[in-house]
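Participant:
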């Protein structure tokens, strides 16, 4: 697996991710998603929403405000407790998270002049309305989950869903981390995808296990992440919050080690109870059949899109040695010498082997020569035909070898090359066909121009 | 057209929009989108992204951070100038926008004790990092546009797009409005869809007109808004910002009058120039052919999703008198008496005549009797078959008349009803067919169970 620096460089060079406000020197913990990044992010969101909302009868979606009534965060415990221990150095005033401390010395200046750790609250504060006083203080949500809990009754009343059912949300969240880092791994602003799944008390262990399996299958099947790079583990009881009955963590094997990419928590009725008490509104569910009123228990599968984005890129990134001329894969038997007995020149190929569903661009249409009007015209016409059906692009800004390299590196599953034979009727080899090249096998097939759209739709659907 | 209160009530009752943090008494200017609202919002976003990014060769997308380096907002002029005149009453301390003042009296207490208007800045402020001082102050973006401008070079370098080309963004924005109101018409937190389109100086008037027409066509054709409710007007020169060459506003005829729903501004090179000067980084474009370096001029089509959401609902909402028994439309000739000469009972039907692309649910599967296992089983099986292809739902929680009413009111284009004939093989009229009912015509056709999916896909595609 490649290291983080290689990935950061690819992301910047190809327009997946830029440092936010880069021309002003950036701002720590904030990132912008470029033309390819936004498409990949949208494809991840779509794959999640389809799996957890559209395809299921027991789930609905929601989209709540980032700024809520501040009492939400008092009731949830975030105002009092959402903090990290912060240590400051008396000499250089460097600040860092206490758990990053390796010795008694300041990691910045080396002096033994560290203050006692104190709690630093990670909620971003702001002020709503035209009076900037305590009454108007509000917070940027540090998670999307609470927007679901406070809407539990509204959603249940309007959808008439019966337990067990769940509510899903995708949205921006903010945490004023003391230290950010590892590229987009720990950000101050990020996108969450969270589910709160409401069950009858007593059924939570069964549903906890079912969601663990469902979510693991999503990573493998919907995203195509390799099974050997994923694992699930149950948190130790001692690491659980007091209200938690248990948490599974799905972990991915990053270059820097195994790290959490999704948590599946069994949260009891803790959140609904807190909001019910603080608001004075009953959040109880009424069971039509048993005529019981009760607070549901909750299973919460929760993940951040940024880490998912990293997983997708790390898992798809491949470096291969290929024959420079044909850019076809070398089999072991013929590496070194080619059929003519001549030394084959090898070169490194980088391919982002994204699943078809996740690839930002599905097909690139490449004219072999840009000084021949017939070739350019046909390639442009093909692009215009394909675009309403799939994200496709036309590129004539370099030699064909370089264009293939670009498309491999951004994960485009298919390149369609238009050459003299394709377009120039007076050419003696004219066949009215174009070449479709497969990113992964690098195999090339000739296809009639009028069949390209259908062939690509079939290949992409497969 | 209905009034705002009727629409607010529908939105709450059916789960389109809830007041944010409602159980805590809400928070002014913030709204949550429920299960139907999030789907409608996503469908609007998708229709826009397809039209302005996917279908075009001269556009790419981006997704930038809400919190940027604060120098972005100093350079753009927002820190100094993004303000409304605020008036406060010395007696009751009520605060309001100066342009809401109808007389010299306080609109709250009636006293003539108003202070002089002062400028109130509408940027939400927060603090990034662990030191809460001026150095760390940051702002929530009041528009997505600046995230595009500061990334102009990054996007152009990585995509190698040639002028004219544009960058599109969908994202959350925040304005600390002194007064909010008219439901979601003026919010403090909202979603924007913005385009910055970069052209060669001199070409801006042509592109300004083209974008005006493109955008107007989108409202009519992609969203299906009635032409008679839309108009475009050019702002008077005296109402333009000093850097602006002109602005077109697309307006919709709301119950409260014609109001702006999209602006198409000709912004010259104002923004790129400000950021170039403030950051010290050149944002010039190099024209390969003419070998010129220059700052592009910009055309900016910009809209908020919330107002678009309102337009879509107002425009789709229809009240009709229908015959209660059949719930078929009454032709003028037979209203009053039906064929048997008996007085036909009429009732009001509310139908949300959303375009197929925008409807949150495409098909509802309704069992005519929920105490017959065969009927319920078939309806559930049909639902499971349809769901991977389209948003579909199963509902058996009321009588068929009431279920139709519900689906009409949320804009579901097709209801599929499963009855005894459909499902019970021992029934003497058994035909293995179900009824597909069209929301708009209320026509019902019988279709074989195994053809339902195909028929619906065709009807929805049409």
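Chains as they are written, first to last, in our numbering: chain A, 1 to 462; chain B, 1 to 462. The beta carbon of each residue, even a glycine, is placed where N, CA and C say it ideally should be. Model, not experiment: these values are computed from the prediction.
For residue 14(A), would you say it is in contact with chain B, using Cβ-to-Cβ distances shorter than 8 Å as the test?
Facilitator: Sequence index remark: in the first chain, residue 14(A) carries index 14 (1-based). Taking Cβ atoms only, chain B reaches closer than 8 Å to residue 14(A), which makes this a yes.
Participant: Taking only the alpha-carbon atoms, compute the straight-line gap between residue 248(A) and residue 105(A) and give it to the nearest angstrom.
Facilitator: Position 248 of the first chain holds residue 248(A). Position 105 of the first chain holds residue 105(A). The alpha-carbon atoms of residue 248(A) and residue 105(A) are separated by roughly 35 Å.
Participant: For residue 128(A), does the three-state DSSP call read helix, strand or coil?
Facilitator: Within the first chain, numbered from 1, the residue matching residue 128(A) stands at position 128. It is coil, neither helix nor strand.
Participant: Please give me, in chain order, every unbroken run of the alpha helix (DSSP H) with length at least 4 that falls completely inside the stretch 137-209 of chain B.
Facilitator: 145-149 and 152-159, all fully within the stretch 137-209 of chain B.
Participant: When the Cβ atoms of the stretch 28-42 of chain A are set against those of the stretch 57-74 of chain B, are three or more pairs found closer than 8 Å?
Facilitator: yes
Participant: Which residue spans inside the stretch 5-77 of chain A form an unbroken beta strand (DSSP E) run of at least 3?
Facilitator: 17-19, 31-33 and 59-62
Participant: Which ranges would you report for the beta strand (DSSP E) in the stretch 373-416 of chain A if only whole runs of at least 3 residues count?
Facilitator: Those beta strand (DSSP E) runs which fall completely within the stretch 373-416 of chain A and span 3+ residues are 392-394.
Participant: With a threshold of 8 Å between beta-carbons, can residue 356(A) be considered close to chain B, or not?
Facilitator: Numbered from its first residue, the first chain carries residue 356(A) at position 356. It does not; no Cβ of chain B falls within 8 Å.
Participant: Along the stretch 43-64 of chain A, what residues have a CB closer than 9 Å to any CB found in chain B?
Facilitator: 49, 50, 53, 54, 55, 56, 57, 60, 61, 62, 63 and 64
Participant: Among residues of its own chain, excluding the 5 on either side of residue 455(B), which ones have a beta-carbon nearer than 6 Å to its beta-carbon?
Facilitator: To locate residue 455(B), count along the second chain from 1; it is residue 455. Counting only Cβ-Cβ distances below 6 Å, and skipping sequence neighbours, we find 447.
Participant: Is the Cβ of residue 175(B) closer than 8 Å to any Cβ of chain A?
Facilitator: On the second chain, position 175 is the one that residue 175(B) refers to. So no, residue 175(B) is outside the interface.
Participant: By alpha-carbon positions, which one of 432(A), 423(A) and 458(A) ends up nearest to residue 414(A)?
Facilitator: Within the first chain, residue 414(A) is the residue found at index 414, counting from 1. Taking only the C-alpha atoms, the option nearest residue 414(A) is 458(A).
Participant: Looking at residue 359(A) and residue 411(A), is the spacing between their C-beta atoms short of 8 Å?
Facilitator: Locating residue 411(A) in the first chain gives position 411, where the first residue counts as 1. Locating residue 359(A) in the first chain gives position 359, where the first residue counts as 1. In this structure, residue 359(A) lies closer than 8 Å to residue 411(A) by Cβ.
Participant: Kindly indicate if chain B contains any beta-carbon less than 8 Å away from that of residue 453(A).
Facilitator: Counted from its first residue, the first chain places residue 453(A) at position 453. Taking Cβ atoms only, chain B never reaches closer than 8 Å to residue 453(A), which makes this a no.
Participant: Taking the C-alpha atoms as reference points, what is the distance between residue 442(A) and residue 2(A)?
Facilitator: Numbered from its first residue, the first chain carries residue 442(A) at position 442. Numbered from its first residue, the first chain carries residue 2(A) at position 2. Answer to the nearest angstrom: the Cα atoms are 22 Å apart.
Participant: Can you pull the chain A neighbours of residue 10(B), defined as C-beta to C-beta under 7 Å?
Facilitator: Indexing the second chain from 1 puts residue 10(B) at position 10. Near residue 10(B) there are no residues of chain A at all, since even the closest Cβ is about 11 Å away, more than 7 Å.
Participant: The beta strand (DSSP E) with residue 319(B) in it runs from where to where?
Facilitator: Taking the second chain and counting its residues from 1, the one referred to as residue 319(B) is at position 319. Note, residue 319(B): beta strand (DSSP E), 317-323.
Participant: Output needed for residue 149(A): all residues of its chain with C-beta closer than 7 Å, excluding positions within five of it in sequence on either side, in chain order.
Facilitator: As a first step, residue 149(A) must be located in the first chain, where it is residue number 149. 196, 271, 272 and 275, listed in sequence order.
Participant: Sort out for me which residues DSSP pairs residue 95(B) with in a bridge.
Facilitator: Within the second chain, the letter at position 95 stands for residue 95(B). For residue 95(B), which the question treats as bridged, DSSP gives the partners 88(B).
Participant: Determine which residues share a DSSP beta bridge with residue 350(B) and list them.
Facilitator: Translated into positions along the second chain, residue 350(B) becomes position 350. Answer is 319(B).
Participant: Measure the alpha-carbon distance for residue 97(B) versus residue 211(B) and round it to whole angstroms.
Facilitator: Within the second chain, the letter at position 97 stands for residue 97(B). Within the second chain, the letter at position 211 stands for residue 211(B). Cα-Cα distance, rounded: 33 Å.
Participant: Which residues of the stretch 25-36 of chain A have a Cβ closer than 9 Å to any Cβ of chain B? Give them in chain order.
Facilitator: 25, 26, 27, 28, 29, 30, 31, 32, 33, 34, 35 and 36
Participant: For residue 242(B), is the classification buried or exposed, using 16 other Cβ atoms within 10 angstroms of its Cβ as the cut-off for buried?
Facilitator: On the second chain, position 242 is the one that residue 242(B) refers to. Using a 10 angstroms sphere on the CB of residue 242(B), the tally of other CB atoms stays under 16, which defines it as exposed.
Participant: Whole angstroms is fine: what's the gap from residue 52(B)'s alpha carbon to residue 383(A)'s?
Facilitator: As a first step, residue 52(B) must be located in the second chain, where it is residue number 52. As a first step, residue 383(A) must be located in the first chain, where it is residue number 383. Approximately 16 Å between the Cα atoms of the pair.
Participant: Within this structure, are the beta carbons of residue 141(B) and residue 173(B) separated by less than 8 Å?
Facilitator: Position 141 of the second chain, counted from the start, is the residue given in the question as residue 141(B). Position 173 of the second chain, counted from the start, is the residue given in the question as residue 173(B). Cβ atoms of residue 141(B) and residue 173(B): closer than 8 Å.
Participant: Looking only at C-alpha atoms, which of 15(A), 163(A) and 89(A) sits nearest to residue 409(A)?
Facilitator: Start at 1 with the first residue of the first chain, and residue 409(A) comes out as number 409. Minimum Cα distance to residue 409(A) is reached at 15(A).
Participant: In three-state DSSP terms, what is residue 229(A)?
Facilitator: If you number the first chain from 1, residue 229(A) lands on position 229. Three-state result, residue 229(A): helix.
Participant: In chain A, what lies closer than 9 Å to residue 536(B) by C-beta?
Facilitator: Nothing can be reported for residue 536(B): it is not among the residues displayed for chain B, which extend from 1 to 462.
Participant: Output, in chain order, the set of chain A residues within a Cβ distance shorter than 7 Å of residue 275(B).
Facilitator: Locating residue 275(B) in the second chain gives position 275, counting from the first residue. Chain A residues near residue 275(B): 23.
Participant: For a cutoff of 8 Å on Cβ pairs, would you count residue 72(A) as touching chain B?
Facilitator: For this step, residue 72(A) is matched to residue 72 along the first chain. Chain B, which has a Cβ nearer than 8 Å to the Cβ of residue 72(A), makes this yes.
Participant: Is there a Cβ of chain A sitting closer than 8 Å to that of residue 166(B), yes or no?
Facilitator: What you label residue 166(B) is simply residue 166 of the second chain in a count that begins at 1. Answer no: the Cβ-Cβ gap between residue 166(B) and chain A never drops below 8 Å.
Participant: Please tell me whether residue 444(A) and residue 285(A) are closer than 8 Å, where the distance is taken between their beta carbons.
Facilitator: Within the first chain, the letter at position 444 stands for residue 444(A). Within the first chain, the letter at position 285 stands for residue 285(A). No. Outside cutoff.
Participant: Could you compute how far the alpha carbon of residue 306(A) sits from the alpha carbon of residue 17(A)?
Facilitator: For the purposes of this step, residue 306(A) is identified with residue 306 of the first chain, where counting begins at 1. For the purposes of this step, residue 17(A) is identified with residue 17 of the first chain, where counting begins at 1. Spanning the two alpha carbons is a distance of roughly 11 Å.
Participant: Is any beta-carbon of chain B found at less than 8 Å from that of residue 7(A)?
Facilitator: Here the question's residue 7(A) lines up with position 7 in the first chain. Chain B contact via Cβ: absent.
Participant: Relative to the alpha-carbon of residue 200(A), which residue among 4(A), 356(A), 295(A) and 87(A) has its alpha-carbon at the smallest distance?
Facilitator: Sequence index remark: in the first chain, residue 200(A) carries index 200 (1-based). If we check each option's Cα against that of residue 200(A), 295(A) comes out closest.
Participant: Report the three-state DSSP secondary structure of residue 463(A) (helix, strand or coil).
Facilitator: No answer is possible for residue 463(A): it lies beyond the span of chain A, which begins at 1 and ends at 462.
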